[in-house]
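Protein chains in written order, with the numbering used here: chain A, 2 to 114; chain B, 3 to 115.
Structure first, then comments.
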Amino acid sequence: KAGVTQTPRYLIKTRGQQVTLSCSPISGHRSVSWYQQTPGQGLQFLFEYFSETQRNKGNFPGRFSGRQFSNSRSEMNVSTLELGDSALYLCASSLEGNNQPQHFGDGTRLSIL
Amino acid sequence: DAKTTQPPSMDCAEGRAANLPCNHSTISGNEYVYWYRQIHSQGPQYIIHGLKNNETNEMASLIITEDRKSSTLILPHATLRDTAVYYCIVRVYSGAGSYQLTFGKGTKLSVIP
Chain A
2 KAGVTQTPRY LIKTRGQQVT LSCSPISGHR SVSWYQQTPG QGLQFLFEYF
52 SETQRNKGNF PGRFSGRQFS NSRSEMNVST LELGDSALYL CASSLEGNNQ
102 PQHFGDGTRL SIL
Chain B
3 DAKTTQPPSM DCAEGRAANL PCNHSTISGN EYVYWYRQIH SQGPQYIIHG
53 LKNNETNEMA SLIITEDRKS STLILPHATL RDTAVYYCIV RVYSGAGSYQ
103 LTFGKGTKLS VIP
């Protein structure tokens, strides 16, 4: 079974631009969560989507948004990029329920110049 | 905030058992304990999870105390490839069917040849 796939693996942008990252979950997984990882703040939860609806959101500004498609694939968008948005962005998918582990992709490393 | 406390670092000799402790004194009755590890530049890898009984899989064993206030992850025969940051996480219900992982700083395990 294929794991969680994130594209692209690496991305370089400049301040003020916007970026879209993509995540393909494990087949059959309908829950998709996004995380940001930086050296200073560690791994922080961004948001979770289930059945095309955002059902949980972390403490990030509105410049960070996402969506989920009917096939459970998800995208996240960051607008008006800032230097501090440089990070590893991770996507995780799971089956429904508290007893179902989230499985992570290897992330997209975003660098802002 | 993370509901867990872990030592920042540990060393283990190759071939010996690695025992990684975690305190979660405020855990609620229906909250699971999850363990993940992260090798540099990769996404977190799911290891094991449990509610109150001890659990074992092909990667590790999880021992949860009877009062559920602490747990220990056991890697029975550590290899150099087990060098990673290990995260102990209490998965919390966030409403609307969403269960959130809140990562702390984890334990950096170094396996020594």
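Glycine included, C-beta positions come from ideal geometry on N, C-alpha and C.
The structure presented is a predicted model; accordingly, all values stated were derived computationally and were not measured.
Among the residues of chain B, those whose CB is under 7 angstroms from the CB of Glu49 (chain A) are Ser100, following chain order. Beta bridge pairing from DSSP links Lys71 (chain B) with no other residue. Minimum Cα-Cα distance from Gly17 (chain A) among the listed residues A:Val79, A:Gly98, A:Gln101 and A:Thr39 corresponds to A:Val79. Against chain A, the CB of Tyr36 (chain B) has a partner CB under 8 angstroms away; the residue lies at that interface. For the region 81-105 of chain B, the set of residues with a beta-carbon nearer than 9 angstroms to any beta-carbon of chain A comprises Tyr89, Arg93, Tyr95, Ser96, Gly97, Ala98, Gly99, Ser100, Tyr101, Gln102, Leu103, Thr104 and Phe105, in chain order. DSSP, read as helix, strand or coil, puts Leu82 (chain B) in helix.
Taking all protein chains shown into account, Phe70 (chain A) has fewer than 16 neighbouring C-beta atoms within 10 Å of its C-beta and is therefore exposed.
The Cβ of Gln8 (chain B) sits no closer than 8 angstroms to any Cβ of chain A.
Under DSSP, Phe65 (chain A) takes part in a beta bridge, and its partners are A:Val79.
The beta carbon of Pro23 (chain B) does not come within 8 angstroms of any beta carbon belonging to chain A, so the residue lies off that interface.
Straight-line spacing of the CA atoms in Gly108 (chain A) and Gln19 (chain A) works out to 18 angstroms.
Boundaries of the beta strand (DSSP E) around Lys14 (chain A): Tyr11 to Lys14.
For Ile76 (chain B), the closest alpha carbon among the candidates B:Tyr88, B:Tyr95, B:Ala4 and B:Ile29 is that of B:Tyr88. Distance between Gly106 (chain A) and Leu91 (chain A), taken at the CA atoms: about 6 angstroms.
About 5 angstroms separates the beta carbons of Ser23 (chain A) and Glu76 (chain A), which is inside the 8 angstroms limit, making them a contact pair.
In this structure, the CA atom of Glu97 (chain A) is about 9 angstroms from the CA atom of Phe51 (chain A). The beta carbon of Asn21 (chain B) lies closer than 7 angstroms to those of Thr74 and Ile76 in the same chain, with the five residues before and after it left out.
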